[in-house]
Every structure is written in structure tokens, then in C-alpha cells.
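Going by the working numbering, the first residue of the sequence shown is number 1215, and it counts up by one from there. Yeah, the Cβ is synthetic: ideal placement off N, Cα and C, and Gly gets one too. Please read these numbers as outputs of a predicted model, since none were measured by experiment. Encoded as C-alpha cells, the structure appears first; notes follow it.
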Amino acid sequence: MRALKAAVIVMGVMIVIASIMLAIVIANRLSSRSAATMPIEASLDQPPGTRIVGVASVGERLAVHVTGGGLPDRIVFVEATRGRVVGTLVPEAPPAGAQGR
């Protein structure tokens, strides 16, 4: 009977410890997720009249397709974690007579 009583006590303590560990793991995951989804404010440094046509995710960066503002269409690459512009791609028109090659 003593062995049964000891086993019940040990299992009860193990359940309490496992519940506490589970609560700690859930709290850590929720806190790290909320920090990663914080809104980021970013400026694309584009002239007035510029419009965003589309946005696509490219790895850790965002590719923002912009048009207008007196400039040709362009793609601005933004580092998603910091909201910092890391580059701009301006597609050029193909040279005359280069089509069909």
C-alpha cells in the first residue's frame, strides 16, 4: 500500500511540473511571435504622385512595384525586418530591333 501511495504522489508532482513547463513554453512562444509581428513604418523615399501597384515577398525582403511620380515604373526592395530600402530595380525598354531574339 505504501508503494502505491508513493507512486500516486510522484505522478501528481510530475503532472504539476509538466503543466508548469507547458505554460512557460506557451508564454515564450506567444511573446516571441508578438515581437516578430510588430508593425514597421517605412518610407520608400519616392517622389510625390508615386503609387504602389503591387507588393511581393522575396525571402526576407519585400518587392514593392511602384509607378508614377515622374519616373519610370520601378521595383523598390525593402528589408522587411527593419523597414529599410535596400535597392531599386528600374527595368529598361529593350533596344530598338532587339525583339524576337
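Endpoints, the beta strand (DSSP E) within which residue i is located
i     : result
A1270 : T1264 to V1272
P1286 : L1285 to E1293
A1256 : A1256 -> no beta strand (DSSP E), and no H or E assigned at all.
V1278 : R1275 to G1282
Buried or exposed (CB count within 10 angstroms, at least 16 for buried), residue i
i     : result
V1278 : buried
V1290 : buried
V1280 : buried
Straight-line gap, residue i to residue j (C-alpha atoms, nearest Å)
i     : j     : result
A1249 : I1266 : Since pLDDT at A1249 reaches only 47, below the 50 mark, its modelled position is unreliable, and no value is offered.
R1298 : N1242 : 28 Å
A1232 : R1216 : 24 Å
P1262 : R1288 : 15 Å
T1302 : E1255 : 18 Å
L1285 : A1270 : 21 Å
S1257 : V1230 : 50 Å
E1306 : V1239 : 52 Å
Residue i in three-state terms, based on DSSP
i     : result
G1297 : coil
Are there three or more Cβ pairs, one per stretch, closer than 8 Å when the stretch 1270-1277 is compared with the stretch 1287-1307?
-> yes
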